[in-house]
Amino acid sequence: MLSVSLKKRLPGFALDVRWESSDAVCGLFGPSGAGKTLTLDCLAGLVRPDAGRIVIGDRVVFDSAAGIDLSPRRRRLGYVFQGYALFPHLTVADNIAYGLRDQPRATRRERTARVLDRLGLAGLATRRPHELSGGERQRVALGRALAIEPALLLLDEPFSALDLPLRRVLRDDLGRVLREWGTAAVLVTHDFTEAYRLADRIVVYDAGRVVQSAPRAELLWQPASEAVARIMGVRNLLTGVVAKATPDRIQLRWRGQILEAVNSPTRSYLPAPESPIAFFIRPEYVRLIRKDRRTADPAHHMNLMAGVVVGDEDFGTTWTLRIRLDHPGPPAQGDYDLEVEVPHLVYEILEIDRDRRWEFSIHRGSIHVLPA
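Sequential numbering from 29 applies to the sequence shown in my numbering.
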């Protein structure tokens, strides 16, 4: 169990956060400047909070009220910095052994050899950082942090300096190492994909505050507010007006349509008719209706709509379509109303580049109503 309660004021910024995690990997996610790295530095003992309490496992490492503030060395935490911060003049083996300087020589040798072997670095032991690839440098930095057998591993934007293809490879490699090693970890990132792929629980930061803390699947499907959804980069984030609400259904008016959505089981109240309501529709859940089949049946196609493709973008394996509804008036998102994502093969089969007018439907379970 990791329990964190921190207050720290800096010029122009105030950190005031409280969260807990019993999961293997906890991700601190949010925009740059939200206080994620500052939290990591407080956990590591590199920055002293003004007030608060930090408990790692069964050890209190900081408690302002009780006067407890363990030094970084006594906290026994492994820290992987942005850019890895390897010592350029030391070999791979010496970098990994750096945190073991106070251990007997035999212990240093045995533990370094074990880390080199487990991370697939044994053949690189005598090389220096400039002779390594990005993935190899990452594993050396991980090895240095893991060699001390830390109570907690801290990772600060471990992929920030890498290009996208390498980030994907190293993200998967890091996930495998964390699973195999079994050390609890806190990961800082402003990339939601990285947070979702690597973390079991995600704590969302914004302007020095925690705006949501939840298991990753819950966060993905149930953001706590419109603000959290925006931080996550949710697409098709829209606003309508409540037409009718029951414990299991919500009907809302949007762009001349009456949409029906499943009411959230976590909602503790029913929104009043005519009140504004925020919701989102994931682009991959909008279903285009093929024209070579019978006319769309409202009984089988929920939330049936029609519109024209006013723009599209090729992402290799998928296409993103920007659709404007036939209803008059200003579109909901600039010059379009909805983003729709379709596989590349579907785009080609339906000849969407030529045929731009479509009917489409959205299952009521794919319209996610956000709390007020």
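Positions of the beta carbon are idealized from the N, C-alpha and C atoms, including for glycine.
Note that the coordinates shown come from a computational prediction; the quantities given were computed from them, not determined experimentally.
Quick one: measure Cβ to Cβ for residue 254 and residue 398, integer angstroms, because I've assumed they're closer than 8 Å. Indeed they touch by this definition, with Cβ atoms about 5 Å apart.
Sub-8 Å separation of residue 90 and residue 80 beta-carbons: In contact: residue 90 and residue 80 (Cβ atoms closer than 8 Å).
Which of helix, strand or coil DSSP assigns to residue 369: Here residue 369 sits in strand by DSSP.
The alpha helix (DSSP H) that contains residue 170, what's its start and end? Counting along the chain, residue 170 sits inside the alpha helix (DSSP H) bounded by residues 162-174.
Mind reading off the beta-carbon distance from residue 213 to residue 247? Whole number of angstroms is fine, and I expect it under 8 Å. In fact, because the Cβ distance is near 18 Å, the residues do not count as touching under 8 Å.
Opposing strand residues paired with residue 48 [DSSP bridges]: DSSP output for residue 48 lists 31 as bridge partner(s).
When DSSP labels each residue in this structure, what does residue 313 get in the three-state scheme? Residue 313 falls in the helix class under three-state DSSP.
On the CB-based measure, 16 or more other CB atoms within 10 Å of its CB, does residue 85 come out buried or exposed? Residue 85 sits exposed, since fewer than 16 C-beta atoms from the chains shown fall within 10 Å of its C-beta.
Is there contact here, the region 45-57 with the region 209-229, by at least three beta-carbon pairs under 8 Å? Verdict: yes, contact present.
For residue 100, the first and last residue of its enclosing alpha helix (DSSP H): Where residue 100 is concerned, the enclosing alpha helix (DSSP H) stretches over 100-103.
Rounding to the nearest angstrom, what Cα-Cα distance links residue 284 and residue 361 in this structure? About 15 Å.
Taking the alpha carbon of residue 209 as the reference point, which residue from 382, 136 and 146 has its own alpha carbon closest? Closest option to residue 209, Cα to Cα, is 146.
On the three-pair Cβ rule with 8 Å, is the region 261-276 touching the region 382-390? Too few Cβ pairs lie closer than 8 Å, so no.
Is the beta carbon of residue 345 closer than 8 Å to that of residue 369? Taking 8 Å as the Cβ cut-off, residue 369 and residue 345 do not qualify as a contacting pair.
Where residue 155 falls: helix, strand or coil (DSSP): Coil at residue 155, not helix or strand.
Run the CB neighbour count on residue 112, radius 10 Å, all protein chains shown included, and call it buried at 16 or more, exposed below. Under this definition residue 112 is a buried residue.
Would you mind working out which of 237, 375 and 187 sits nearest residue 315, comparing C-alpha positions? Closest in C-alpha terms to residue 315, from the list 237, 375 and 187, comes 375.
When we look at the beta-carbon of residue 386 and count the other beta-carbons within 10 Å, is it buried (16 or more) or exposed? Burial check for residue 386: the Cβ neighbour count within 10 Å reaches 16 or more, so the residue is buried.
Do you know offhand how far residue 282's Cα is from residue 220's? One C-alpha to the other measures close to 28 Å.
Could you spell out where the alpha helix (DSSP H) holding residue 342 opens and where it closes? First-last for residue 342: 333-342, but that is the beta strand (DSSP E), not the alpha helix (DSSP H).
Thinking C-beta only, is residue 318 closer than 8 Å to residue 338? No, these two residues do not count as a Cβ contact at 8 Å.
Terminal residues of the continuous alpha helix (DSSP H) containing residue 124? That run of the alpha helix (DSSP H) goes 120-125.
Residue 225 lies in the alpha helix (DSSP H); which residues open and close that run? First-last of the alpha helix (DSSP H) with residue 225: 220-226.
When you compare only the Cα positions, how much space is there between residue 275 and residue 313? So the two alpha carbons sit approximately 23 Å from each other.
Going by the DSSP bridge assignment, what does residue 279 pair with across the sheet? Its beta-bridge partners are 272 and 288.
Where residue 35 and residue 260 are concerned, what is the direct C-alpha to C-alpha distance, given to the nearest angstrom? So the alpha carbons of these two residues sit roughly 24 Å apart.
Looking only at C-alpha atoms, which of 203, 125 and 156 sits nearest to residue 177? Taking only the C-alpha atoms, the option nearest residue 177 is 125.
Measure the beta-carbon distance from residue 175 to residue 98 and round it to whole angstroms, keeping in mind my assumption that it falls under 8 Å. No, residue 175 and residue 98 are not in contact; Cβ-Cβ is about 20 Å, not under 8 Å.
Going by DSSP in three states, residue 241 sits in which element: helix, strand or coil? Here residue 241 sits in strand by DSSP.
Between residue 277 and residue 92, what straight-line distance do the alpha-carbon atoms span, to the nearest angstrom? Distance between the alpha carbons of residue 277 and residue 92: 48 Å.
Alpha carbon to alpha carbon, what distance is there between residue 243 and residue 42? C-alpha of residue 42 to C-alpha of residue 243: approximately 26 Å in a straight line.
Tell me which residues share the same chain as residue 29 and place their Cβ nearer than 6 Å to its Cβ, disregarding the 5 neighbours each side in the sequence. The answer, listed in chain order, is 50.
Decide if residue 184 is buried, meaning its Cβ has at least 16 other Cβ atoms within 10 Å, or exposed. A residue is called buried once 16 or more other Cβ atoms fall within 10 Å of its Cβ, and residue 184 is buried on that count.
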